[in-house]
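S.K.: Here it is: the structure, laid out below.
What follows is the structure, given as structure tokens:
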């Protein structure tokens with residue numbers, strides 16, 4: 008509708024259509040590639056410590072089975088909905104295809120606020136979610152292999168692996184049912200910082216093109232570039248860390264509960280230490296707080312890295 012804002016999934020489909028007109032593929036094949044193959048939406052009850060029951064809303068979407076296994080993370084967020092998970096699953100297909108990784112795309116989501124859950128609650132939710140995927144054949148080596156995403160990490164992947172192995176104790180490759188596991192449970196070194204490192208490599212490469220940089224009034228190279236990072240999870244933190252090590256100046260950092268700035272630069276490791284000690288990045292010594300965390304997105308910089316949830320720009 009004119010003037011209406013597209014949903015995340017609608018935006019992905021719009022860009023797919025724009026790209027599709029430049030191909031010579033049959034319309035039917037493009038239609039098959041465009042939409043999600045399987046959408047599993049389900050709910051399950053979890054009993055809390057006080058005896059009350061809460062109903063958990065969850066999803067697993069498999070976008071394309073043209074290559075197996077399908078691959079995509081599991082997100083824990085109150086913002087999770089079918090539209091978002093379908094969009095992320097589609098993007099996984101396209102990302103893998105672009106870099107010639109032989110996987111189809113998938114994505115999972117659980118509609119919870121993990122910061123408001125106890126570790127025990129998170130474990131029970133994760134294990135029950137995995138059990139539901141097992142029942143419907145939505146997880147398995149060579150089939151559908153989840154990974155960490157927003158709100159999840161190696162701990163949750165270990166719970167998924169353990170639950171899966173309880174369902175399939177004789178499967179010799181059961182540990183391949185999930186990636187992003189702890190090192191001691193078959194994970195690989197470098198996985199935690201991999202996405203942030205990829206962001207750094209992409210930025211470094213973009214900054215190496217002299218003609219493009221001249222058009223926007225920047226010199227080549229990372230050194231001296233003023234950077235704003237929104238989100239200090241695995242992606243944002245490591246992207247900031249590697250850029251800082253390469254000589255960039257972190258002028259502003261933003262998190263869900265606030266944002267800080269210092270035109271002379273911030274040390275991301277010191278900010279993280281402050282956050283661990285106080286529970287927030289606000290009131291960091293030598294920095295000023297923004298009135299709103301979204302103000303950081305408009306702070307003067309050369310490079311803006313929105314490393315939180317989508318739809319920020």
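Numbering (our numbering), first residue to last: 8 to 320. Positions of the beta carbon are idealized from the N, C-alpha and C atoms, including for glycine.
Taking only three categories from DSSP, how would you classify residue 69?
M.R.: If you number the chain shown from 1, residue 69 lands on position 62. Three-state DSSP puts residue 69 in a strand.
S.K.: Can you tell me which of the three DSSP states residue 32 falls into?
M.R.: Here residue 32 is taken as the residue at index 25 of the chain shown, counted from 1. Three-state DSSP puts residue 32 in coil, outside helix and strand.
S.K.: Buried or exposed, going by whether 16 or more other CB atoms sit within 10 Å of the CB of residue 133?
M.R.: Here the question's residue 133 lines up with position 126 in the chain shown. With 16 or more Cβ atoms within 10 Å of its Cβ, residue 133 is classed as buried.
S.K.: Thinking C-beta only, is residue 17 closer than 8 Å to residue 45?
M.R.: Here residue 45 refers to the residue found at position 38 of the chain shown. Here residue 17 refers to the residue found at position 10 of the chain shown. Not in contact: residue 45 and residue 17 (Cβ atoms no closer than 8 Å).
S.K.: From the DSSP output, read off the bridge partner residues of residue 260.
M.R.: For the purposes of this step, residue 260 is taken as the residue at position 253 of the chain shown. Partner(s): 236, 267.
S.K.: Quickly, what does DSSP pair residue 52 with across the bridge? List them, please.
M.R.: Within the chain shown, residue 52 is the residue found at index 45, counting from 1. DSSP lists 62 as partners of residue 52.
S.K.: Which of helix, strand or coil does DSSP assign to residue 126?
M.R.: For the purposes of this step, residue 126 is taken as residue 119 along the chain shown, with counting starting at 1. Three-state DSSP puts residue 126 in a helix.
S.K.: Nearest CA to the CA of residue 277: which residue from 247, 223, 104?
M.R.: Position 270 of the chain shown holds residue 277. Checking every option, the nearest Cα to that of residue 277 belongs to 247.
S.K.: Give me the Cβ distance between residue 63 and residue 50, rounded to the nearest whole Å; I'm assuming they're in contact under 8 Å.
M.R.: The residue labelled residue 63 in the question sits at position 56 within the chain shown. The residue labelled residue 50 in the question sits at position 43 within the chain shown. With 8 Å as the limit, residue 63 and residue 50 qualify as a contact, their Cβ atoms being about 6 Å apart.
S.K.: Quick one: using the 10 Å Cβ neighbour count with 16 as the cut-off for buried, is residue 67 buried or exposed?
M.R.: Stepping through the chain shown from its first residue, residue 67 is reached at position 60. With 16 or more Cβ atoms within 10 Å of its Cβ, residue 67 is classed as buried.
S.K.: Give a yes or no on whether the C-beta atoms belonging to residue 231 and residue 262 are separated by under 8 Å.
M.R.: As a first step, residue 231 must be located in the chain shown, where it is residue number 224. As a first step, residue 262 must be located in the chain shown, where it is residue number 255. Not closer than 8 Å, so no.
S.K.: Buried or exposed: which applies to residue 122, given that a residue is buried once 16 or more other Cβ atoms fall within 10 Å of its Cβ?
M.R.: Taking the first residue of the chain shown as 1, we reach residue 122 at position 115. The residue is exposed, with fewer than 16 neighbouring Cβ atoms inside 10 Å.
S.K.: Comparing C-alpha positions only, which one of 156, 195, 148 sits nearest to residue 181?
M.R.: Taking the chain shown and counting its residues from 1, one reaches residue 181 at position 174. Closest by alpha carbon: 148.
S.K.: Bridge partners of residue 311, per DSSP?
M.R.: Along the chain shown, read from residue 1 onward, the residue named residue 311 stands at position 304. For residue 311, which the question treats as bridged, DSSP gives the partners 235.
S.K.: With residue 243 as the anchor, note down where its alpha helix (DSSP H) starts and where it stops.
M.R.: Walking along the chain shown from the start, residue 243 turns up at place 236. 241-252 is the extent of the alpha helix (DSSP H) around residue 243.
S.K.: I need the straight-line Cα distance from residue 241 to residue 169, nearest angstrom please.
M.R.: Here the question's residue 241 lines up with position 234 in the chain shown. Here the question's residue 169 lines up with position 162 in the chain shown. Residue 241 and residue 169: Cα-Cα distance of roughly 24 Å.
S.K.: How many angstroms separate the CA atom of residue 236 from the CA atom of residue 273?
M.R.: Along the chain shown, read from residue 1 onward, the residue named residue 236 stands at position 229. Along the chain shown, read from residue 1 onward, the residue named residue 273 stands at position 266. Computed Cα separation, rounded: 11 Å.
S.K.: With a floor of 4 residues, list each alpha helix (DSSP H) that falls wholly inside the region 141-193, ordered by position along the chain.
M.R.: Here the runs fully enclosed are 161-174.
S.K.: Just to confirm my understanding: we take residue 83, look at its own chain, exclude 5 residues before and 5 after, and list those with CB closer than 6 Å. What are they?
M.R.: For the purposes of this step, residue 83 is taken as residue 76 along the chain shown, with counting starting at 1. Closer than 6 Å at Cβ, skipping near neighbours: 117, 119, 121, 158, 159.
S.K.: When DSSP labels each residue in this structure, what does residue 222 get in the three-state scheme?
M.R.: As a working note, residue 222 is residue 215 in the chain shown. Note: residue 222 maps to helix in three-state DSSP.
S.K.: Across the region 136-144 and the region 85-102, are there enough close Cβ pairs to call them in contact, namely three or more that are closer than 8 Å?
M.R.: No: fewer than three Cβ pairs fall under 8 Å.
S.K.: What is the residue span of the alpha helix (DSSP H) that residue 207 lies within?
M.R.: The count along the chain shown starts at 1 and reaches residue 207 at position 200. Start and end: 198-213.
S.K.: Quick one: Cα of residue 189 to Cα of residue 166, how far?
M.R.: For the purposes of this step, residue 189 is taken as residue 182 along the chain shown, with counting starting at 1. For the purposes of this step, residue 166 is taken as residue 159 along the chain shown, with counting starting at 1. Approximately 11 Å, taken between the alpha carbons.
S.K.: Identify, in the order they occur along the chain, each residue of the same chain with its Cβ nearer than 7 Å to the Cβ of residue 282, setting aside the five sequence neighbours on each side.
M.R.: Numbered from 1 along the chain shown, position 275 holds the residue referred to as residue 282. Closer than 7 Å at Cβ, skipping near neighbours: 288.
S.K.: Could you name the residues that DSSP lists as bridge partners for residue 82?
M.R.: Your numbering for residue 82 matches position 75 in the chain shown. Answer is 116.
S.K.: To the nearest angstrom, how far is it from the Cα of residue 209 to the Cα of residue 56?
M.R.: As a working mapping, residue 209 is identified with position 202 in the chain shown. As a working mapping, residue 56 is identified with position 49 in the chain shown. C-alpha separation (whole angstroms): 46 Å.
S.K.: With a 10 Å radius around its C-beta and 16 neighbouring C-beta atoms as the bar for buried, classify residue 151 as buried or exposed.
M.R.: To locate residue 151, count along the chain shown from 1; it is residue 144. Label assigned to residue 151: buried.
S.K.: Between residue 144 and residue 268, what straight-line distance do the alpha-carbon atoms span, to the nearest angstrom?
M.R.: Taking the first residue of the chain shown as position 1, residue 144 is located at position 137. Taking the first residue of the chain shown as position 1, residue 268 is located at position 261. Near 48 Å, if we compare the C-alpha coordinates of residue 268 and residue 144.
S.K.: By the three-class DSSP mapping on this structure, what secondary structure does residue 296 have?
M.R.: Locating residue 296 in the chain shown gives position 289, counting from the first residue. DSSP places residue 296 in strand when its eight states are reduced to three.
S.K.: Measure from the alpha carbon of residue 41 to the alpha carbon of each residue in 111, 58, 266, then state which is nearest.
M.R.: By one-based count along the chain shown, residue 41 stands at place 34. It is 111.
S.K.: To the nearest angstrom, how far is it from the Cα of residue 77 to the Cα of residue 146?
M.R.: Translated into the one-based positions of the chain shown, residue 77 becomes position 70. Translated into the one-based positions of the chain shown, residue 146 becomes position 139. In a straight line, the C-alpha of residue 77 is about 9 Å away from that of residue 146.
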